[in-house]
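A.B. asks: Below are the C-alpha cells for one structure; questions will follow.
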Amino acid sequence: MYEFNLPKNFLFGTATSSVQTEGGDTNNTWYKWCVEGHIKDSSNCINANDHWNRIDEDVNILKNLNVQVHRISLEWSRIEPSEGVFSDEAINHYKYEIKKLLENNIRPLITLHHFSEPIWFHNIGSWENPKCTEIFLEYVRFTVENLGHLVSEWITFNEPNVYTVLGYGVGLWPPGKKGILTSLRIYTKFIKTHIEAYKLIHLIRRKNDFKDSTQVGCAMHIRIFEGKTILTKIIASLSNYIFNELLIVGTTTGKLKYPLQKKGYNVVKGKYVDFMALNYYTKILVEFTFNLSTVFYKEGNDKTLDQTELGWDIYPQGLYTICKKYYERFKLPIYITENGISDKTDLKRPDFILSHISNVAKAIKDGIPIKRYYYWTLIDNFEWLEGETTNFGLIEYDFKTLQRKARKSVEIYREICKHKKFTKEMYKKFFRDKINI
Ligand code: BGC
C-alpha cells in the first residue's frame, strides 16, 4: 500500500499534445505521414479526440478532475499555415482555450513544438534548412507576442531526443531520414534553437511587462538504460549518453558535448532552462544484437518487473533516480511533464500512478525540489505510429462515437489532485474490491 503527503504548493495536472487530440488539421507532417500509410492500424490523426471542437467539454473534464495545471501544445501548422503568414483565427482559438483554463483556475503550460511541423517547413528541408532556427523563431515571436499576456510558462520542444532518433536516426517518423551523422547535426540545431527561443520568450515577456515570472523549459524524455553484462553495460551507457546526456546538457547549459559539431554554433555557456521538464515512462534492459545499424542495441525486458500492455517495464524507482541525478547536476526545480501508462482495462493504472507519485514524494522528502506532476494523458488519443490502438487516458475514448468515459483511475487521481496525499482511508475507499496494490 502507498501512503504519501505532498507539500500543499505541489501542483498536479495532465498533459496532451495538439496532433494527438485536436483533429481536423491537414497541414502538418503527421497528417501527411498518416496518408502515406505509415501508421500501424492505418488510422489518421485527422480524427483524434475532436478536441478542436470540444474545448468547453474537455476543460469541464479537467475541472472535475481537480487539476491545478494542464499542459497542451500549439499546432505550428495552424498558427503559421504558410511561411510568414500567421493565422489570427488559430491564435484566437488558442486564446479561447487558454482563457477557459484560466477561468477554471487551471494554469497552462504551453509546448511550442510537439513532434509535428507544417508541411511547408518539411518541403524546405525542416531542420536541415540552414535558416531553420530563424524560421522557427518567427513562429515563436508571433505566438508569444499574442499569447504571452495569458501564458508565463512555456516548453520550447517536446522530447527532441525522441523526435531526432525516430525522425532522423531510424526514419520511422517524419521526415523519415536515416543516419547517425544527420541526427547529430539535428541535435545541435535543436539545442541552438531552444536557446534562442528561450531568450526570445524572456525578452518578449519582459519588454511587454507581461505579468508573472517567465518560466521556460525543454521537455526531455529520460530513459533508464540498464545492462547486465560488461558488454551490455557499455551499450547501455553509450545509449544513455546519446539519448539522454547530449541534449539535456546542451539545452540546459548551452554546452555541446562530443561528438556534437560546433560549426556555426555561437552560444555562450549559461543557464537556458528555468526548470527541468522530465518525461519518464520506463527502464530499458539493454540486450546485445549483431546489428551495426542499431549500434548493437536491442531493447529487452527485465523479467523481475511487471509490464504495461505495450510491453514497457514498469519501474517507478526510476523516477526517483532521474530526479535525484538531474537535480544534483543542475540544481533546478523539476516538473514531471509526462508520466503515464497505456492500460485499457485500467487494472494497472492506479498502482502505476500511486507508485510513481510515491517516488516523487520520497524525492521531495530527500530535498529534491519537484514541483509538479503531469499525468500523460487526459483522454486516450492518437499515439503516433501506434495510431488509435493505445490507451494512455484517464478517460476512455471511443474513436467512432467520440464519446469520453471516465475510468476508475479518475476517481483516485481527482482525490490525489485535491488533497495532495494518499492515505490508508483513501486506500480503503478505493480498493475495497481489491485491485492488486
Ligand atoms: C510523448 C507523447 C506520447 C507518449 C506515450 C511521450 O514520449 O511525448 O506524445 O504519446 O510518450 O508514448
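The sequence shown finishes on residue 803 if you use our numbering, and the numbering steps up by one all the way, no holes.
Just so you know, even glycine gets a beta-carbon here, dropped at the ideal spot from N, CA and C.
DSSP state of Tyr631, grouped into three classes?
C.D. replies: Tyr631: coil per DSSP, three-state reduction.
A.B. asks: Should Glu525 be listed as close to the ligand BGC, given that the test is whether its C-beta is under 8 Å from any heavy atom?
C.D. replies: Within the cutoff, so yes.
A.B. asks: Using 10 angstroms around the beta-carbon of Val625, count the other beta-carbons present and answer buried if the total reaches 16, otherwise exposed.
C.D. replies: The question names Val, but residue 625 is Pro in the sequence shown. Flag for Pro625 reads exposed.
A.B. asks: Work out the CA separation of Thr499 and Ser775 for me, nearest whole Å.
C.D. replies: One C-alpha to the other measures close to 41 Å.
A.B. asks: Are the beta-carbon atoms belonging to Thr522 and Arg437 less than 9 Å from one another?
C.D. replies: Result no, Cβ atoms of Thr522 and Arg437 do not sit closer than 9 Å.
A.B. asks: What is the DSSP secondary structure of Ile801, counted as helix, strand or coil?
C.D. replies: Low confidence applies to Ile801: its pLDDT is 48, below 50, so where it sits in the model is not reliable enough to give any reading.
A.B. asks: Thinking just about the alpha-carbon of each residue, which of Phe796, Leu720 and Lys790 is nearest to the one in Phe378?
C.D. replies: Nearest option by C-alpha distance: Leu720.
A.B. asks: Compute the Euclidean distance between the alpha carbons of Ile801 and Leu713, then round it to the nearest angstrom.
C.D. replies: Confidence is the limiting factor: at Ile801 the pLDDT is only 48, short of 50, which leaves the residue's position unreliable, though a coordinate-based value still follows. Cα to Cα, the separation comes out at about 7 Å.
A.B. asks: Can you grab the Cα-Cα spacing for the pair Lys794 / Glu369, in whole Å?
C.D. replies: Approximately 12 Å between the Cα atoms of the pair.
A.B. asks: List in chain order: all unbroken alpha helix (DSSP H) runs of 4+ residues lying wholly within the segment 712-744.
C.D. replies: For the segment 712-744, whole alpha helix (DSSP H) runs of length 4 or above, ordered along the chain, are 715-731.
A.B. asks: With a CB to CB cut of under 8 Å and the five nearest residues on each side skipped, what residues in its chain are close to Ile803?
C.D. replies: Model confidence at Ile803 stands at a pLDDT of 42, short of 50, so the residue's coordinates are unreliable; what they give is reported in the following sentence. So the list reads Met367, Tyr368, Pro716, Asp717, Leu720, Tyr793 and Phe797, once near-sequence residues are dropped.
A.B. asks: Could you tell me whether any non-hydrogen atom of the ligand BGC is closer than 8 Å to the CB of Ser384?
C.D. replies: Not under cutoff, so the answer is no.
A.B. asks: Can we count Glu809 as close to the ligand BGC, meaning its CB is less than 8 Å from some heavy atom?
C.D. replies: A question about residue 809 goes unanswered here, because the residues of the chain that appear run from 367 up to 803.
A.B. asks: Report whether the distance from the Cβ of Phe481 to the nearest heavy atom of the ligand ADP is below 8 Å.
C.D. replies: Among the ligands present in this structure, namely the ligand BGC, the ligand ADP is not found.
A.B. asks: Classify Lys555 as helix, strand or coil using the three-state DSSP reduction.
C.D. replies: Helix.
A.B. asks: Report the residue from His480, Val433, Leu516 and Ala563 whose alpha carbon sits nearest the alpha carbon of Ile501.
C.D. replies: Minimum Cα distance to Ile501 is reached at Ala563.
A.B. asks: I need the straight-line Cα distance from Asp454 to Trp442, nearest angstrom please.
C.D. replies: Near 13 Å, if we compare the C-alpha coordinates of Trp442 and Asp454.
A.B. asks: In whole angstroms, what is the alpha-carbon distance linking Leu339 and Lys737?
C.D. replies: An answer regarding residue 339 cannot be provided, because it is not within the stretch 367 to 803 covered by the chain.
A.B. asks: Report, in whole angstroms, the separation of the C-beta atoms of Lys760 and Tyr779, which I expect to be a contact under 8 Å.
C.D. replies: Correcting the residue identity first, residue 760 is Leu in this sequence and not Lys. Confirmed, about 6 Å.
A.B. asks: Whose CA, out of Pro682, Asn426, Asn393 and Gln434, lies closest to the CA of Ile412?
C.D. replies: With distances taken between Cα atoms, Ile412 lies closest to Asn393.
A.B. asks: Examine the ligand BGC and report whether any of its heavy atoms sits within less than 8 Å of the Cβ of Phe641.
C.D. replies: Phe641: no, Cβ never under 8 Å from the ligand BGC.
A.B. asks: Going by CA-CA distance only, name the one from Ala643, Lys728, Leu622 and Asp407 that's closest to Lys635.
C.D. replies: Nearest of Ala643, Lys728, Leu622 and Asp407 to Lys635, Cα basis: Leu622.
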